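Structure record follows, encoded as structure tokens.
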């Protein structure tokens with residue numbers, strides 16, 4: 061009976077390894093771009109923005125360090141992370 065349990069464990073380990081490898085080899089998400097309105101100056105390493113009527117705070121690059129309320133900023137989204145990368149209009 062011990063041999064059967066070992067065989068099941070080996071099969072399960074093989075399936076887990078195959079799934080892990082398949083997930084790691086999957087193509088990355090396509091980056092998405094959008095623009096938002098700056099809702100205030102950068103603070104605590106995030107920039108407050110309004111995107112499609114939703115207020116949020118996003119990390120920003122040094123290009124957006126001088127952003128102020130009312131500026132339009134370009135947002136880059138890759139996977140679950142959105143970052144302000146440029147000021148479009150001041």
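Residue numbers (the working numbering): 61 to 150.
The beta-carbon is built from N, C-alpha and C at its ideal position, and this holds for glycine as well.
All of these numbers come straight from a predicted model, not from anything done at the bench.
Where the beta strand (DSSP E) through residue i begins and ends
{"i": "residue 133", "result": "132-138"}
{"i": "residue 106", "result": "No beta strand (DSSP E) holds residue 106; DSSP gives it neither H nor E."}
{"i": "residue 94", "result": "92-98"}
{"i": "residue 127", "result": "Here residue 127 belongs to no beta strand (DSSP E), and DSSP marks it neither H nor E."}
Buried versus exposed call for residue i [16 or more other C-beta atoms within 10 Å across all chains shown]
{"i": "residue 85", "result": "exposed"}
{"i": "residue 68", "result": "exposed"}
{"i": "residue 107", "result": "buried"}
{"i": "residue 103", "result": "exposed"}
Three-state secondary structure assigned by DSSP to residue i
{"i": "residue 75", "result": "helix"}
{"i": "residue 82", "result": "helix"}
{"i": "residue 122", "result": "helix"}
{"i": "residue 70", "result": "helix"}
Within 8 Å, do at least three Cβ pairs link the region 72-79 to the region 116-129?
no
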